[in-house]
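Asker: Here's a structure for you.
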Amino acid sequence: MSLKDKLVSSHIVFQDSLDPDSPIYDIRGNAIKTFEAEGFPTKKDEAWKYTSLNSILKKDYNIFPTKKSSLDFKDVERYFINDIDTYNIIFVDGVFNAHLSSTTHDGIDVCTMNSALTKSKYQQVIDVYFNKIAKEESLTSLNTAYARDGAYIYIPKGKVADKPIQIIHFATGSQEAALLQPRNLIVAEENSEVQIIERHQSLSDSPTFTNSVTEVYAAKRAIVDYYKIQNDKLDASLVDTTEIEQHGESIVSVHTFSLGGNITRNNLNYYQKGERIDSILKGVTLIEGKQHVDHNTLVHHIEPNCESHQDYKGIFAESATGVFNGKVVVEKEAQKTNAYQSNNNILIDDKATINSKPQLEIFADDVRCSHGCTIGQLDESALFYLQSRGIAKKEARALLMYAFANTVLSSVKIPQLKQRITKLIAKKIGVSIGFEI
Amino acid sequence: MLTVKNLHAGIEEKDILKGINLEIKAGEVHAIMGPNGSGKSTLSSVIAGKEEYEVTDGDIFLNKESILEMDPEERAHEGVFLSFQYPVEIPGVTVTNFIKTAINQTRKAKGLEDMPASEMLKMIREKSELLEIDRKFLSRSLNVGFSGGEKKRNEIFQMAMLEPKLAILDETDSGLDIDALRIVANGVNKLRSEDNAVLVITHYQRLLDYIVPDVVHVLMDGKIVKTGGKELAHELEEKGYDWLKEEVNV
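Keeping their order, the protein sequence lines are chains A and B.
At position 80 of the first sequence (counting the first as 1) the number is 80 in the numbering used here, and the numbers step up by one without a gap.
At position 165 of the second sequence (counting the first as 1) the number is 165 in the numbering used here, and the numbers step up by one without a gap.
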């Protein structure tokens, strides 16, 4: 039985195990129908032209998080940003782990989707925001159909989350092959602020396929900073879909650091529903071997006087492959839009590949839109400069790669996080020279 | 210190240096002057080991040892320093971190431990005072947004930190106003000793008023066509290069 058939036929059993009075019972039922009709995306879909999921869909996944696996903090401590105080929402094989987590309901809600979907006090928020921005299509619908747990973050009007929130999904490999489908909902009401750090981490060499969907809703003047660390095992694949709706004068930034994994596909979509909105999309991809990272972005400029800033840097070594597909749509009403997009890539080896495709669809006439895409090698004269100062070639190359990625790193607002990512990058490049910032 | 023997070098089949001979002793300052396109910058790049140039004949010796087969970093470890005409910008790496990395990489190559932090700080303080560099400057990204003068001052600061045996200053005076020129020259003069040598490469005589050379060479069409004392620089400043062209027939 194909994975698709298995998912479709298992859904009734899944629904039966849940409360039929759940507010999302029907949503799930409709979603599985959408998935049944559409199936998994294939290379025939324009948006998936350069990313094939075939190799990972062949595995026989366990689709229900069954047994609870326990984890000791000391075994997974290194995956936390633990030199700062944070709220933590931790899942192990798809199941919330209270022991590793630190949630709150004090002024803000930092807890689980499972609570939000089953407790009546959250129903109003769920009714208004759940599955409203997420699209009805293939993988997103599959996630909706099976949506059960994930992070639920609600920041009421005027509140500022007093510390960053870490969401970590661990996969222990206790099941042969795991299909995980986390579902996050983040609602930042007017004048609120929140910072989120998210990570998917496999702890074994068993195959893991994570199909994650996150909806972010930023009301007027809300500020949301979202950081995604993708540095997973070689058998861990991820499709990470983030749908963001912004209202007037809000600022939402998403930084994605793709440093490892099997196949990683990021769908990042912004919808601007108000004026003077700023949308920031940044990413560093640094991969080698046969790893694959695909960034598929959309910024939909719907109203006037808004901005978007995209800056994606990619470094591809050995046979690694990258995709950047950045679409910017400026509607007729969206005059005075400033939309910037840049995608710069360095191919270290001859067999590395990047497919970069900027797409601009502009229907307004008074706008400033720019896009730039470069593919090149490390700058030889810069390399010579560093070598002439006594820095060995390998370290000199590392310094240049670091400098190349720096435009993305420099806008990370949490210093300890910036430090951590800098270290991850230094480690990946294989140098130990001091990169203090 | 430096011996260049019958050096021929070029790029992509184009000959640029056509038989350079040069002998610089410890404690000396030599200047190489010449019109644009005469091969001045090529000579400095070839001595420092830039890979895109191909040496087709001749040899370069540092303290009697050939350095031709060495990588640029190995030459740096042996004591060659090149102050660049156009220093490269490295965003995200501060001046301090860069120089720390350079010094410790050089020490590592010599089998030494990293320089202790306190010693490093003391040295940075001393050398930055010498070049009238303030602290804020040291925490900026290397050369990013630096003015022409700041870039050159930073080059000489690096030279001061690395304490080379042979310092090559490639057009260090270009883009400098008179105050910056004075500071840079003053820095270089203070770093001069009986154990090191300086090669100043310049189009104009201006810098040589401040860094007074023992020997002046004129480079034209890839060859040294005239060698003299410091007065040769003044003569060139007055008369330009054309009279020499006629004299040497190039």
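Virtual Cβ for every residue (Gly too), placed ideally from N, Cα, C.
As the structure is a prediction and not an experimental result, all values here were calculated from the model.
1) Have a look at Gly228/B and Thr202/B and give me their C-alpha separation to the nearest angstrom.
2) Are any of the Cβ atoms in chain B nearer than 8 Å to that of Asn406/A?
3) DSSP three-state call for Ser212/A: helix, strand or coil?
4) When you compare only the Cα positions, how much space is there between Leu179/A and Ile63/A?
5) Excluding five sequence neighbours on each side, which residues of the same chain lie with their C-beta closer than 7 Å to the C-beta of Asp170/B?
6) What three-state label does DSSP hand Lys427/A in the structure shown?
7) In chain order, what are the residue ranges of uninterrupted beta strand (DSSP E) at least 3 long that sit wholly in the segment 151-188 of chain A?
8) Which value, in whole angstroms, describes the spacing of the CA atoms of Glu119/B and Gln335/A?
9) Determine, using beta carbons only, whether Asp311/A and Lys282/A come nearer to each other than 8 Å.
10) Use the C-beta contact count for Met1/A: other C-beta atoms within 10 angstroms, 16 or more gives buried, fewer gives exposed.
11) So that I know if they touch, is there some Cβ in chain A lying closer than 8 Å to that of Val95/B?
12) Taking any Cβ of chain B, which residues in the segment 359-373 of chain A have a Cβ under 8 Å from it, in chain order?
13) Could you tell me if Tyr385/A is buried or exposed, where buried requires 16 or more neighbouring beta carbons within 10 angstroms of its beta carbon?
14) Exposed or buried, what is Trp48/A when buried is set at 16 or more other beta-carbons lying within 10 Å of its beta-carbon?
15) Is the Cβ-Cβ distance between Gln105/B and Ile391/A less than 8 Å?
16) Could one say the Cβ of Lys152/B lies closer than 8 Å to chain A's Cβ atoms, at least one of them?
17) For Tyr352/A and Ile302/A, what's the separation of their Cα atoms in angstroms?
18) Could you check the C-alpha separation between Ala167/B and Ile375/A for me, to the nearest Å?
19) Along the segment 379-396 of chain A, what residues have a CB closer than 8 Å to any CB found in chain B?
20) Going along chain B in order, which residues have a C-beta closer than 9 Å to the C-beta of Leu409/A?
21) Buried or exposed: where does Lys74/A fall if 16 or more other Cβ atoms within 10 Å of its Cβ makes it buried?
22) Return no unless some Cβ of chain B is closer than 8 Å to the Cβ of Tyr227/A.
23) On a Cα-Cα basis, can you pick out the residue from Asp225/A, Gln230/A, Asn267/A and Phe404/A that is closest to Ser279/A?
24) Could you confirm whether any beta carbon from chain B is found closer than 8 Å to the beta carbon of Leu286/A?
25) Could you name the residues of the same chain whose beta carbon sits closer than 6 Å to that of Phe61/B, not counting the 5 residues immediately before and after it, in chain order?
26) For Pro156/A and Phe316/A, I'd like the C-alpha separation in whole angstroms.
27) So is His77/B in contact with chain A if we call contact Cβ pairs under 8 Å?
28) Buried or exposed, going by whether 16 or more other CB atoms sit within 10 Å of the CB of Pro415/A?
29) Going by the CB atoms, is the gap between Leu71/A and Phe170/A shorter than 8 Å?
30) Going along chain A, which residues have a C-beta under 7 Å from Lys50/B?
Answerer: Quick look at the numbers:
1) 15 Å
2) yes
3) strand
4) 5 Å
5) Ser41, Ser44, Leu82, Ser83, Phe84, Gln85 and Ile201
6) helix
7) 151-155, 165-171, 178-180 and 183-188
8) 58 Å
9) yes
10) exposed
11) no
12) none
13) buried
14) buried
15) yes
16) no
17) The amino acid at residue 352/A is misidentified as Tyr; the sequence shows Ala. Approximately 37 Å between the Cα atoms of the pair.
18) 36 Å
19) Asp379, Glu380, Ser381, Ala382, Phe384, Tyr385, Leu386, Gln387, Ser388, Arg389, Gly390, Ile391, Ala392, Lys393, Glu395 and Ala396
20) Gly92
21) exposed
22) no
23) Asp225/A
24) no
25) Thr3
26) 42 Å
27) yes
28) exposed
29) yes
30) Phe384
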